[in-house]
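Its first residue numbered 418, the sequence shown is counted upward by one per residue in my numbering.
Note that CB positions come from ideal geometry on N, CA and C, so glycine has one too.
Written out below as structure tokens is the structure these notes cover.
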Amino acid sequence: RYVAYTARATNVFDVYRYDTQSGASTLVSANLGNGGHSLAADPSSSPAVSADGRYVLFQSYALDLTPGASVRTNHYLRDMQLGTTLALTANTSKASVASMTPDGHYVALGFSATAPGLFVFDIQSGQFVFTNSTTGITNISISPDGQRIAYVLSSGLWLLDRVANTNRQLTTYFNSKRPGLKFSADG
Numbered sequence: 418r419y420v421a422y423t424a425r426a427t428n429v430f431d432v433y434r435y436d437t438q439s440g441a442s443t444l445v446s447a448n449l450g451n452g453g454h455s456l457a458a459d460p461s462s463s464p465a466v467s468a469d470g471r472y473v474l475f476q477s478y479a480l481d482l483t484p485g486a487s488v489r490t491n492h493y494l495r496d497m498q499l500g501t502t503l504a505l506t507a508n509t510s511k512a513s514v515a516s517m518t519p520d521g522h523y524v525a526l527g528f529s530a531t532a533p534g535l536f537v538f539d540i541q542s543g544q545f546v547f548t549n550s551t552t553g554i555t556n557i558s559i560s561p562d563g564q565r566i567a568y569v570l571s572s573g574l575w576l577l578d579r580v581a582n583t584n585r586q587l588t589t590y591f592n593s594k595r596p597g598l599k600f601s602a603d604g
């Protein structure tokens with residue numbers, strides 16, 4: 418029913434959610450005043466929407482999406498039902514990648530530098546529920562149940578299982594420029 422997308426509005430890119438039943442588009446990357454952005458330096462992109470359309474995960478360079486943001490390139494989670502935005506990677510200069518479970522329960526975050534570099538955020542509890550010291554992550558995907566995380570390092574593709582407490586390398590070569598890193602519905 419829902420599609421999250423990036424579109425150009427005036428001279429900047431913002432993230433929107435489109436409802437295929439009502440035909441309405443809603444701004445996701447809203448600033449603190451619930452408006453869009455006017456600075457070309459504030460683009461938002463890379464949206465992912467939960468199956469029910471409630472949550473939209475996206476990346477943005479804007480500094481006015483949540484109070485206190487002082488470093489560009491953060492990942493945000495917008496609750497479309499409550500109209501709130503949460504900064505998941507606020508004020509870090511580390512590059513990050515993110516993936517959300519289809520039901521919007523968990524978000525996996527991977528960072529390019531500085532340990533810990535892998536986190537899992539539980540949207541329902543509002544807390545980070547897992548960290549791992551892995552660094553140098555260039556792509557990431559989380560299974561639908563939130564138990565497994567596939568991620569890419571320069572050394573290859575890895576699979577971490579939070580429940581089994583295992584972390585193993587699947588392949589020594591992986592082209593991160595053409596990721597296609599996704600789990601099946603049964604994880």
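Query: Residue nearest to Y478 in terms of C-alpha spacing, selected from N451, S446, V466, R495; Result: S446
Query: Beta carbon of I554 nearer than 8 Å to that of V524; Result: no
Query: Burial state of A432, where buried means 16 or more other Cβ atoms lie within 10 Å; Result: First, the amino acid is wrong: residue 432 is Val here, not Ala. That one is buried.
Query: Beta-bridge partners of Q586, as assigned by DSSP; Result: W575
Query: Per DSSP, cross-strand counterpart(s) of S463; Result: Looking at the DSSP assignment, S463 forms no beta bridge with any residue, so it has no partner.
Query: Spatial neighbours of V546 in its chain, beta-carbon cut-off 6 Å, leaving aside the 5 residues before and after; Result: V537, D539
Query: Runs of beta strand (DSSP E) wholly within the segment 528-557 (minimum 3 residues, chain order); Result: 535-539, 544-549
Query: For D436, three-class secondary structure by DSSP; Result: strand
Query: For V473 and A502, the rounded distance between their alpha carbons; Result: The sequence shown places Thr at residue 502, not Ala. Going from the Cα of T502 to the Cα of V473 covers about 9 Å.
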